[in-house]
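Working notes for the structure below.
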Amino acid sequence: MADNLDRIAQHLQEAILEGYSQKFRDEFLSPKNIGELEHADSHIRITCPCGDTIEMWLVIEDGKLSDIRFLTDGCGATITCASYVTGAAKGKTIEEALRIRPEDVDDYFEGLPDEHKHCAKLAVMTLTAAIEKYQAQVSE
Ligand code: FES
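With the first letter of the sequence shown counted as 1, position 60 gets the number 110 in the working numbering; the numbers rise by one all the way through.
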């Protein structure tokens, strides 16, 4: 019985991940930076026209993103893209983090399927908006 369930789960996972690169599969199977930050310097929630939402929290110290977390109700590609984007931004300066582009995410994953390229856009857009919100707060 347990063997059958394992095999079914394996088949489902293979079906879901069909067409994705090994790098995507690795990130999908162990996403990073999931959760909330209690004392964040910036917190934002962005909803894509497709209906998926990413919520992101940033802690910024000495001009660097010292911590970053996210939650999403989105699809596997949204989770995976947000995991990559938050990992790429963590420890970077604000200027470096603002240079991350959806194309970088697509390149890293060796090409997302066309119907999920916008998941990379949502992840980058959320990061950018969270940084810009922080910048607006400190310039007031
Ligand atoms: Fe729309 Fe992933 S399906 S953000």
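For each residue, glycine too, the CB sits at the ideal point set by N, CA and C.
Taking residue i as the reference, give the member of the options with the closest Cα.
i    : options            : result
T103 : F120, D53, D91     : F120
E160 : D53, E77, H61, L55 : E77
L172 : A52, Q185, I94     : I94
S116 : D91, C131, E105    : D91
Between which two residues does the alpha helix (DSSP H) carrying residue i extend?
i    : result
S133 : 126-139
P152 : 152-158
T176 : 167-188
A147 : 144-148
A65  : 52-67
D76  : 72-79
Identify whether residue i lies in helix, strand or coil by the three-state DSSP scheme.
i    : result
I114 : Residue identity check: residue 114 is Lys in the sequence provided, not Ile. Residue state, collapsed to three classes: strand.
R95  : strand
L87  : coil
Less than 8 Å between the beta carbons of residue i and residue j, yes or no?
i    : j    : result
L108 : A180 : yes
P163 : G101 : no
K142 : K183 : no
A139 : L177 : yes
I144 : I110 : yes
K73  : S133 : no
A147 : D156 : no
R75  : L62  : no
R149 : V174 : no
Compute the beta-carbon to beta-carbon distance between residue i and residue j, rounded to the nearest angstrom, for a pair I have assumed lies under 8 Å.
i    : j    : result
T122 : I129 : 6 Å
C98  : H168 : 6 Å
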